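Since the structure comes first, as structure tokens, the remarks are kept for the end.
Shown next as structure tokens:
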């Protein structure tokens, strides 16, 4: 593996693990109101295309990084769906007379 | 430009413009509590490395996408800093006797 591959792998590792603290933050605070669905939705579609690009180039760092990033990005969306639902239910319950 | 380059450009366009709705959301709601500093910090460092990788490969879509993504990712951090400060000041004022 060349040194350029290593830079790509480190880059991919960072832009991938970056999603972990966001997912943990939502999990811990049970709140994701300020997190944009549009951001993570558009981002996920883009990641699918980066994956196709990496496969076409045979560029291993791009492929590996984007598979994991896709999983984490979809996880953030899933967590936001989950806790938005809870917030809504809680608000509904609070509104009961 | 090859069709692979076009896939890369579209991928880069999507993972880049994805940050725009997040920045707008923070700007409009003036709130970014649920947005993780760690996510956008680690992500920005990773983007700098992707930029180095793209330059090393001479891969134009990677270079263009990552320059713009870096600007937008740092913008999200700056907006969070700005509105966290406001929230803090407001809380301080509310706490006054």
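Chains as they are written, first to last, in this note's numbering: chain V, 1 to 97; chain P, 1 to 97.
Cβ coordinates follow ideal geometry from the N, Cα and C atoms, glycine included.
If you're wondering where the values come from, they're calculated on a predicted model, not measured in any experiment.
Option in 82(V), 74(V), 1(V) with minimal Cα separation from residue 38(V): Along the first chain, read from residue 1 onward, the residue named residue 38(V) stands at position 38. Measuring from the Cα of residue 38(V), the nearest candidate turns out to be 74(V).
Neighbour flag for residue 74(V) against chain P, beta carbons, 8 Å: The residue you call residue 74(V) lines up with position 74 of the first chain. With 8 Å as the cut-off, residue 74(V) does not count as an interface residue toward chain P.
DSSP three-state assignment for residue 76(V), whether helix, strand or coil: Translated into positions along the first chain, residue 76(V) becomes position 76. Of the three classes helix, strand and coil, the one that applies to residue 76(V) here is helix, per DSSP.
Span separating the alpha-carbon of residue 19(V) from that of residue 55(V): On the first chain, position 19 is the one that residue 19(V) refers to. On the first chain, position 55 is the one that residue 55(V) refers to. In a straight line, the C-alpha of residue 19(V) is about 22 Å away from that of residue 55(V).
Which of helix, strand or coil DSSP assigns to residue 2(P): Stepping through the second chain from its first residue, residue 2(P) is reached at position 2. It is coil, neither helix nor strand.
Below-8 Å beta-carbon distance, residue 84(P) vs any chain V residue: Counted from its first residue, the second chain places residue 84(P) at position 84. By this cut-off, residue 84(P) is not an interface position.
Below-8 Å beta-carbon distance, residue 58(V) vs any chain P residue: Counting from 1 along the first chain, the entry for residue 58(V) is found at position 58. Cβ-Cβ to chain P under 8 Å: no for residue 58(V).
Chain P within 8 Å of residue 77(V), Cβ atoms only: For this step, residue 77(V) is matched to residue 77 along the first chain. At a cut-off of 8 Å between beta carbons, residue 77(V) makes no contact with chain P.
Chain-ordered residues of the segment 19-33 of chain V with a beta carbon less than 9 Å from chain P: 19, 20, 21, 22, 23, 24, 25, 26, 29, 31, 32, 33
Residue 63(V) CB to nearest heavy atom of the ligand MN below 7 Å: By its list of ligands, the structure shown contains no ligand whatsoever, and the ligand MN lies outside what it can speak to.
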